[in-house]
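2 protein chains.
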Amino acid sequence: MDHSSYNPGMARPVGRPRSFDRGDALRRAAHLFWQHGFSGTSTRMLASALGISTSSLYSAFGTKGALFDEAVRTYALRYSAIYAAAVAEPTVHGVIDRLLTDSATEFTRTDEGHPGCLTSSAVMADAPPTLDVRGYVAELQRSDGARLRARLEQAEATGDLPPAVGAAALTELVQTVWQGLSCRAELGATRDELVGMARLAAGLLAPGAHAVGAPAPR
Amino acid sequence: MDHSSYNPGMARPVGRPRSFDRGDALRRAAHLFWQHGFSGTSTRMLASALGISTSSLYSAFGTKGALFDEAVRTYALRYSAIYAAAVAEPTVHGVIDRLLTDSATEFTRTDEGHPGCLTSSAVMADAPPTLDVRGYVAELQRSDGARLRARLEQAEATGDLPPAVGAAALTELVQTVWQGLSCRAELGATRDELVGMARLAAGLLAPGAHAVGAPAPR
DNA sequence: TGCATTCCGTATCAATAGCTCCACAACGCG
DNA sequence: CGCGTTGTGGAGCTATTGATACGGAATGCA
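Here's what the structure looks like:
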């Protein structure tokens with residue numbers, strides 16, 4: 621098994637192959653962490669849910685904290701990718717609308733056990749004492765925010781963004797809405813509700829070509 | 621001690637008095653829960669931080685889960701009170717501005733060990749398995765949201781709110797921003813940053829008498 | 001078929017979890 | 001003072017925690 625494992629170059633595997641898919645285990649572990657928090661998820665719960673033993677889990681990930689950390693960073697990449705894709709949109713409205721709606725879609729993925737938004741749930745409340753996950757997430761937000769702010773400052777220069785609002789302030793506000801969306805996703809909002817809210821937010825925060833009162837037909 | 625204990629009417633205390641202030645203990649416990657999550661906070665940590673023994677803690681609150689539950693409900697009342705005060709404002713802009721700025725102020729209280737916003741942190745990620753705290757918080761959001769929506773529907777009827785946006789949708793969006801603010805408070809935002817963001821959000825979501833581009837002098 | 005290597009599950013470790021027991025201390029009342 | 005009542009801390013209970021030891025099972029290579 622383990623077809624999808626990343627095995628770069630010359631290091632071909634030796635010894636008994638792993639009986640489970642590491643990436644899949646990581647995703648399912650993240651799902652458990654999201655549901656019960658870090659301390660609330662025991663290694664036995666993880667092993668049981670993954671269908672393996674604790675020794676296999678430890679040999680694959682090292683430590684419970686390391687597994688959590690890896691899960692967080694894995695999913696953090698998804699959100700950074702969404703930011704990167706959004707800033708490529710030609711208009712300010714397009715950037716913000718794309719960012720929020722894509723994130724809303726990502727937050728409500730139910731296939732393959734998507735853990736909602738680790739970034740603003742499990743991480744914030746309960747993290748391994750040895751790891752500064754909160755600091756990592758704050759840094760991630762800062763990094764993604766910097767990318768968005770640069771895009772908005774560029775729009776400010778070209779006149780696409782009215783200078784009255786302020787690129788920095790709008791960036792922070794958009795990120796605030798972004799995190800609010802993730803919270804509501806975990807509180808049980810459906811995808812349609814969440815995407816609709818994202819679209820409305822984009823329309824109000826950065827009015828596009830169409831009037832606010834008459835949202836563009838999707 | 622225990623001067624501030626609420627002791628209504630005829631039930632005068634009998635037996636040895638409690639050596640600590642129950643309300644204060646509740647607040648400090650909430651602070652710990654906020655920092656480490658429910659499972660991440662042990663009864664010994666709680667007892668140690670409160671300067672008492674675990675037996676005293678158990679005799680005062682019953683169970684770790686009950687203590688957590690009581691802490692959550694106590695702080696939930698604060699947020700409901702903020703909603704109640706906000707909807708009394710005469711204009712839609714005033715309602716939303718008041719709700720968001722007061723909440724931002726509440727989220728950044730550092731005195732007396734305010735636990736940030738339990739509602740969207742510890743609660744969401746890690747809660748006692750026996751208690752449906754997530755359900756309670758969702759219900760609370762629904763209840764507070766209903767109050768806000770009723771106020772906005774009234775404004776819609778009197779013309780204070782343009783019918784194009786929709787009272788229900790705006791309510792949800794405001795609550796989304798509300799939760800986003802609480803998230804950013806926990807990620808380290810200062811009070812000034814948070815209040816400024818709340819004011820900006822109120823200006824964009826519900827433009828007041830002044831133009832959006834020229835925010836009203838505070 | 002041997003050998004080296006790696007992963008597997010079972011059993012188990014010390015530490016800590018939530019929680020309780022119990023003898024004693026601090027009150028109001030007579 | 002004695003008595004009932006209630007809170008007190010220290011010791012201790014069982015269950016579970018994160019993590020490991022170890023023998024066996026799979027693999028690639030010769």
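From first to last, the protein sequence lines stand for chains R and F.
Residue numbering for the first sequence follows the numbering used here, beginning at 621 and increasing consecutively.
Residue numbering for the second sequence follows the numbering used here, beginning at 621 and increasing consecutively.
Every residue gets a Cβ at the ideal spot worked out from N, C-alpha and C, and that includes glycine.
- DSSP places residue 785 of chain F in the coil class of the three-state scheme, outside both helix and strand.
- Listed in chain order, the non-local C-beta contacts of residue 666 of chain R below 7 Å within the same chain comprise 649, 652, 677, local neighbours out to five positions each way being set aside.
- Secondary structure of residue 746 of chain F (DSSP, three-state): coil.
- By the beta-carbon neighbour count (other beta carbons within 10 angstroms, threshold 16), residue 730 of chain R is exposed.
- Residue-level contact by beta carbon holds for residue 817 of chain F and chain R, with a gap shorter than 7 Å.
- Of all residues in the region 792 to 804 of chain R, the ones placed with a Cβ closer than 9 Å to any Cβ belonging to chain F are 792, 793, 795, 796, 797, 798, 799, 800, 801, 802, 803, 804, in chain order.
- Taking every protein chain shown into account, the CB of residue 645 of chain F has 16 or more other CB atoms within 10 angstroms, so this residue is buried.
- Within its own chain, the residues whose Cβ lies closer than 6 Å to the Cβ of residue 794 of chain F, once the five positions on either side in sequence are excluded, are 716, listed in chain order.
- Selection F/753, F/638, F/711 evaluated against residue 681 of chain F yields F/638 as nearest (Cα-Cα).
- By the C-beta density criterion, residue 726 of chain R is buried, having at least 16 other C-beta atoms within 10 angstroms.
- Think of a sphere of 7 Å around the beta carbon of residue 787 of chain F: no beta carbon from chain R falls inside it, the nearest being about 12 Å out.
- Residues of chain R whose Cβ lies closer than 7 Å to the Cβ of residue 659 of chain F are, in chain order, 657, 659, 660, 746.
- Assigned with DSSP and collapsed to three states, residue 729 of chain R falls in coil, not helix or strand.
- Of all residues in the region 681 to 692 of chain F, none places a beta-carbon less than 8 Å from a beta-carbon of chain R.
- Under a 10 Å Cβ-count criterion, residue 781 of chain F is classified as buried, with 16 or more other Cβ atoms of the shown protein chains found around its own Cβ.
- With respect to chain R, the C-beta atom of residue 807 of chain F has a partner C-beta closer than 7 Å.
- Not a single CB atom of chain R sits nearer than 7 Å to the CB of residue 646 of chain F.
- Take the alpha-carbon of residue 672 of chain R and the one of residue 664 of chain R: they are about 9 Å apart.
- A contact is defined here as three or more CB-CB pairs under 8 Å, and the region 803 to 814 of chain F fails this definition with respect to the region 743 to 761 of chain F.
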